[in-house]
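Have a look at the structure below, then the notes.
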Amino acid sequence: MLRVSRLTKTYATAAGPLTVLHEASFELGAGESIAVVGPSGSGKTTLLGLCAGLDRATGGSVELAGERLDALDEDSRARVRNASVGFVFQNFQLIPTLTALENVLVPLELRGERGCEPQARALLERVGLAARFDHYPVQLSGGEQQRVALARAFINAPKILFCDEPTGNLDGDTADSMVELIFGLNRERGTTLVLVTHNFELAGRCQRILRLRNGSVASDERTAPAA
Ligand SMILES: Nc1ncnc2c1ncn2[C@@H]1O[C@H](COP(=O)(O)OP(=O)(O)O)[C@@H](O)[C@H]1O
Ligand SMILES: [Mg+2]
18 MLRVSRLTKT YATAAGPLTV LHEASFELGA GESIAVVGPS GSGKTTLLGL CAGLDRATGG
78 SVELAGERLD ALDEDSRARV RNASVGFVFQ NFQLIPTLTA LENVLVPLEL RGERGCEPQA
138 RALLERVGLA ARFDHYPVQL SGGEQQRVAL ARAFINAPKI LFCDEPTGNL DGDTADSMVE
198 LIFGLNRERG TTLVLVTHNF ELAGRCQRIL RLRNGSVASD ERTAPAA
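Note that this note's numbering has the sequence shown beginning at 18, numbered continuously upward.
So, in structure tokens, the structure goes:
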């Protein structure tokens with residue numbers, strides 16, 4: 018599903034070039050789950066953005082769902098993202114002028130698909146927001162906003178879901194229920210999962226843990242199977 022080979026990212030900064038990812042390599046099969054862990058600034062978000070086709074690498078290659086992202090222009094990467102990828106970010110990233118239901122429908126509207134409200138309502142019900150269809154983000158708690166973001170991530174039936182510290186802005190109990198929803202939906206739909214997290218308990222629920230240190234892969238280990 019995902020093949021990352023010697024991926025390097027160098028940013029141009031005022032102080033000169035800054036290499037934040039250095040020849041990172043790993044592969045992930047369909048339906049697998051991997052946690053990406055490492056200290057702040059180790060390149061986790063950068064790696065996720067490159068794998069998901071949001072940004073372009075300086076060197077190396079990314080193959081996602083059979084497409085070489087590094088060989089595609091921005092429009093083609095957008096097409097692959099819309100067809101195959103779901104995202105959940107730490108800061109929810111909902112559109113403030115749209116209701117919960119409208120936010121969930123955005124990926125389908127981008128594809129020109131109409132008449133999908135029943136699917137969007139069903140997903141919002143699945144994440145426990147049946148009573149919140151017409152609420153705007155400002156009227157929702159952080160946990161509720163993140164559940165809307167999760168419903169939005171699943172509306173286009175993604176092959177792979179990328180989550181960047183999805184519980185980073187949530188308190189304990191809210192984070193726990195978010196985690197159950199992420200893993201529950203992934204299991205139900207057979208989605209491949211790449212999860213950046215600081216939370217070791219959360220990382221331990223993935224099948225593998227990839228550790229980044231200073232932009233390099235320090236280790237890639239299989240976790241003990243869940244009981
Ligand atoms: N657009 C950018 N321009 C310059 N430096 C960046 C940019 N984005 C990230 N960085 C730097 O790259 C490093 C890795 O960042 P990031 O991938 O966000 O790490 P993490 O998610 O592990 O905390 C950091 O030192 C960060 O300051
Ligand atoms: Mg980050």
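Each residue gets a CB set at the ideal place from its N, CA and C atoms; glycine is no exception.
Run through the DSSP bridge pairs and tell me what residue i is partnered with.
i	result
residue 52	212, 226
residue 103	178
residue 20	44, 80
residue 234	229
residue 11	There is no way to answer for residue 11, as the model of the chain reaches only from 18 to 244.
Taking C-beta to C-beta, are residue i and residue j nearer than 7 Å?
i	j	result
residue 232	residue 170	no
residue 30	residue 75	no
residue 38	residue 66	no
residue 181	residue 62	yes
residue 111	residue 165	yes
residue 57	residue 22	no
residue 219	residue 196	yes
Can you give me the Cβ contacts of residue i inside the same chain, cut-off strictly under 7 Å, excluding the 5 residues immediately before and after it?
i	result
residue 221	240
residue 84	97
residue 192	184
Please go through the same chain and pick out, in chain order, the residues whose beta-carbon is closer than 6 Å to the beta-carbon of residue i, but skip the five residues on each side of it.
i	result
residue 159	186, 187
residue 138	none
residue 210	50, 178, 203
residue 72	66
What's the gap between the Cα of residue i and the Cα of residue j?
i	j	result
residue 242	residue 114	43 Å
residue 53	residue 167	19 Å
residue 212	residue 32	31 Å
residue 130	residue 96	14 Å
residue 215	residue 44	21 Å
Less than 8 Å between C-beta atoms, sequence neighbours within five positions excluded: which residues of the same chain meet that for residue i?
i	result
residue 151	116, 117, 118
residue 105	163, 166, 167, 170, 178, 179, 180, 181, 183, 199
Of all residues in the structure, which have a C-beta closer than 6 Å to any heavy atom of ligand 1, taken in chain order?
The set, ordered by position in the chain, is 28, 30, 35, 37, 55, 57, 58, 59, 60, 61, 62, 63.
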